[in-house]
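*Asks:* Sharing a structure with you now.
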Amino acid sequence: MKISDEWKNKILLIVDALPDGLLIIGKDNKISVINSKAEKFLDVDRKEVLNKPVLDLGHLSNIRKIIFPVLVDFKGGRPGGCPGCMKKEAEVRKNFVLELTVEPLVLGKNNVAKLIILRDITKIKYAKVAENQFISVTVHQLKAPLSNTRLSLKMLLDGNFGKINKEQQDILEKTYKNNESLISLVEGLLKAAKVDEPGKSDNRSLANLEDLVDPVIDFYRDEMKRKKIKFKFSKPVKNPPEILADQEKIKMVIQNLFDNAVKYTSSGGKIEAGIISKKGEVEFKIKDSGIGIPEDQKEKIFTRFSRAVNVIGTKEAGSGLGLSIAKEIIEEHHGKIWFQSKENEGSTFFFSLPVTGK
Amino acid sequence: MEKNILIIEDDEFFRELISKKLLSRGFKISEAIDGKTGLLRVKESKPDLILLDILLPDVDGFEVLSNLKEDSQTMSIPVIILSNLLSKEDVEKGLKLGASNFLIKSQVDSDEIIKIIEKALSPA
Chain R
1 MKISDEWKNK
11 ILLIVDALPD
21 GLLIIGKDNK
31 ISVINSKAEK
41 FLDVDRKEVL
51 NKPVLDLGHL
61 SNIRKIIFPV
71 LVDFKGGRPG
81 GCPGCMKKEA
91 EVRKNFVLEL
101 TVEPLVLGKN
111 NVAKLIILRD
121 ITKIKYAKVA
131 ENQFISVTVH
141 QLKAPLSNTR
151 LSLKMLLDGN
161 FGKINKEQQD
171 ILEKTYKNNE
181 SLISLVEGLL
191 KAAKVDEPGK
201 SDNRSLANLE
211 DLVDPVIDFY
221 RDEMKRKKIK
231 FKFSKPVKNP
241 PEILADQEKI
251 KMVIQNLFDN
261 AVKYTSSGGK
271 IEAGIISKKG
281 EVEFKIKDSG
291 IGIPEDQKEK
301 IFTRFSRAVN
311 VIGTKEAGSG
321 LGLSIAKEII
331 EEHHGKIWFQ
341 SKENEGSTFF
351 FSLPVTGK
Chain U
1 MEKNILIIED
11 DEFFRELISK
21 KLLSRGFKIS
31 EAIDGKTGLL
41 RVKESKPDLI
51 LLDILLPDVD
61 GFEVLSNLKE
71 DSQTMSIPVI
81 ILSNLLSKED
91 VEKGLKLGAS
101 NFLIKSQVDS
111 DEIIKIIEKA
121 LSPA
């Protein structure tokens, strides 16, 4: 396709006027296009960098710190969007965060360049921090009166302030349960805010999934015993390869799934958990014989504050945040989370995480 | 001999509830509404055990705890933290500084608190 000089100039003007930074690095690894915003974001002058091999520009600190790593990480052979493309965040300097999107740009046969788009996401990032701080402060303010109410109601119910009649006991019990729902909601909010906290996601190390499941099972063993729930745990004979994970967060996911299974399975029911080793991934599943999820509620089960209609009337307190937190964490780890469920028969929740190594 | 328990807690209602429970179980109590007063009371009342909140208006509970554990006169007094904080980091910090237990206010009831106090007071 031939483009006239007039159109070439127009295109360059448009590129220059874009609100995002834009860089094109050719097959020869030279910077062939850089617009004004990219110059500003990276604090470089186009005269210094245009038509120069990127690797010769290591003396420019932002090119070295921001552009080199994305070129090393970018494996994108496949044009036309992800998985060929790649996104990354970089803190260029204090209070300035860029989101980098790298995409393969097909310019001709055997000529694939890299298109780098730089977006200033500082405001979004800091709005999130402010929002989380607000949630954190509010939750702590709410917790003191809620804990006090819990303690006083329990003391009243336990007869610490004298004998109460049947009707008083009934009302106090209902108030106590309502208060438990509120506590659960605010604690869930705090957990959700922690998950969202920027910079919190990089606490990853190699782990065996089983080592993360075991402590959660121990935690729920007494409760399952109390509810006379039959519990079975199956795992592969040979340990599956390790996963690269923020162990506390994955434990939180397993705990949220266990919590639901135990809560919504009635006495004498059954829960089966298992770890399955699959090609390139390891899967966790937990199956319960609980109340299940109604068909018309399935779609929004991973949305924040969503609680299926059939659990709202139960005595169980829930924040409607557990599954949305679980989904966020699993996706942050490049994994998948899903479920199968039938109302009044039970639910099975699964998640899979990529394993490291072969 | 009745045991003396010091409650360092700025929340008046919580202090009232816990005091009532402890008194009904035959404990003697003294109270402090902030960290600094708490540290003074420890010297005065020589408690057998301390119930300590973390979020206090002046010196926070962690600082009170580390002061107590650094002082040879107070280091052997068992300290039970009773707080609304519940993150793993906070719990670990409290236990590392030498608290015998870290109890989360929204998760324990008064009978459990009594049980834990009695256990901490019983000779090992």
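Line by line, the protein sequences give chains R and U.
The letter at position 205 of the first sequence is residue 205 when you use the numbering used here, and the numbering goes up by one with no holes.
The letter at position 89 of the second sequence is residue 89 when you use the numbering used here, and the numbering goes up by one with no holes.
Positions of the beta carbon are idealized from the N, C-alpha and C atoms, including for glycine.
If you count every other CB in all the chains shown that lies within 10 Å of the CB of threonine 303 (chain R), and 16 or more means buried, which is it?
*Replies:* That one is exposed.
*Asks:* Alpha carbon to alpha carbon, what distance is there between lysine 36 (chain U) and glutamate 272 (chain R)?
*Replies:* Taking the CA atoms as reference points, glutamate 272 (chain R) sits about 52 Å from lysine 36 (chain U).
*Asks:* If the cut-off is 7 Å on Cβ atoms, which residues from the stretch 137-166 of chain R count as contacting chain U, listed in chain order?
*Replies:* His140, Lys143, Ala144, Leu146, Ser147, Asn148, Arg150, Leu151, Ser152, Lys154, Met155, Asp158, Asn160
*Asks:* Compare the C-beta of glutamate 210 (chain R) with all C-beta atoms of chain U and state if any pair is closer than 8 Å.
*Replies:* Residue-level contact by beta carbon fails for glutamate 210 (chain R) and chain U, as no gap is shorter than 8 Å.
*Asks:* In terms of residues, what are the limits of the beta strand (DSSP E) holding glutamate 281 (chain R)?
*Replies:* 281-288
*Asks:* Could you check if lysine 115 (chain U) is buried or exposed, using at least 16 other CB atoms within 10 Å of its CB as the buried criterion?
*Replies:* exposed
*Asks:* Between valine 253 (chain R) and phenylalanine 351 (chain R), is the Cβ-Cβ spacing less than 8 Å?
*Replies:* yes
*Asks:* Taking 8 Å as the cut-off, decide whether the C-beta atoms of lysine 287 (chain R) and threonine 348 (chain R) are in contact.
*Replies:* yes
*Asks:* Between which two residues does the alpha helix (DSSP H) harbouring phenylalanine 68 (chain R) extend?
*Replies:* 68-73
*Asks:* Compare the C-beta of isoleucine 243 (chain R) against all C-beta atoms of chain U and say whether one is closer than 8 Å.
*Replies:* The beta carbon of isoleucine 243 (chain R) does not come within 8 Å of any beta carbon belonging to chain U, so the residue lies off that interface.
*Asks:* On the criterion of 16 or more Cβ atoms from any shown chain inside 10 Å, does methionine 75 (chain U) qualify as buried, or is it exposed?
*Replies:* exposed
*Asks:* Within this structure, are the beta carbons of serine 147 (chain R) and asparagine 4 (chain U) separated by less than 8 Å?
*Replies:* no
*Asks:* Can you pull out the residues from the stretch 97-114 of chain U whose beta carbon lies closer than 8 Å to at least one beta carbon of chain R?
*Replies:* The residues in question are Lys105, Ser106, Asp109, Ser110, Asp111.
*Asks:* Report yes if the C-beta distance between serine 324 (chain R) and isoleucine 293 (chain R) is below 8 Å; otherwise report no.
*Replies:* no
*Asks:* Compare the C-beta of isoleucine 183 (chain R) with all C-beta atoms of chain U and state if any pair is closer than 8 Å.
*Replies:* yes
*Asks:* I'd like the span of the beta strand (DSSP E) that includes serine 136 (chain R), first residue to last.
*Replies:* For serine 136 (chain R), there is no enclosing beta strand (DSSP E); the enclosing alpha helix (DSSP H) has its first and last residue at 122-157.
*Asks:* Residues in the same chain with beta-carbon distance under 6 Å from glycine 359 (chain R), minus the five sequence neighbours each way, listed in chain order, please.
*Replies:* An answer regarding residue 359 (chain R) cannot be provided, because it is not within the stretch 1 to 358 covered by chain R.
*Asks:* How would you write the range of the alpha helix (DSSP H) that isoleucine 33 (chain U) sits in, first residue to last?
*Replies:* No alpha helix (DSSP H) contains isoleucine 33 (chain U), which DSSP labels as neither H nor E.
*Asks:* Output needed for asparagine 29 (chain R): all residues of its chain with C-beta closer than 7 Å, excluding positions within five of it in sequence on either side, in chain order.
*Replies:* Pro53, Val54, Leu55
*Asks:* By the 10 Å Cβ neighbour count, where 16 or more other Cβ atoms means buried, how is aspartate 218 (chain R) classified, buried or exposed?
*Replies:* exposed
*Asks:* With distances taken between CB atoms, is the gap from alanine 245 (chain R) to histidine 333 (chain R) smaller than 8 Å?
*Replies:* With respect to histidine 333 (chain R), alanine 245 (chain R) sits close: the two C-beta atoms are nearer than 8 Å.
*Asks:* Among U:Lys46, U:Asp34, U:Phe62, which one has its Cα closest to the Cα of leucine 56 (chain U)?
*Replies:* Nearest option by C-alpha distance: U:Asp34.
*Asks:* Is the Cβ of lysine 21 (chain U) closer than 8 Å to any Cβ of chain R?
*Replies:* Judged by the 8 Å Cβ criterion, lysine 21 (chain U) is in contact with chain R.
*Asks:* Determine whether the Cβ of aspartate 11 (chain U) lies closer than 8 Å to any Cβ atom of chain R.
*Replies:* yes
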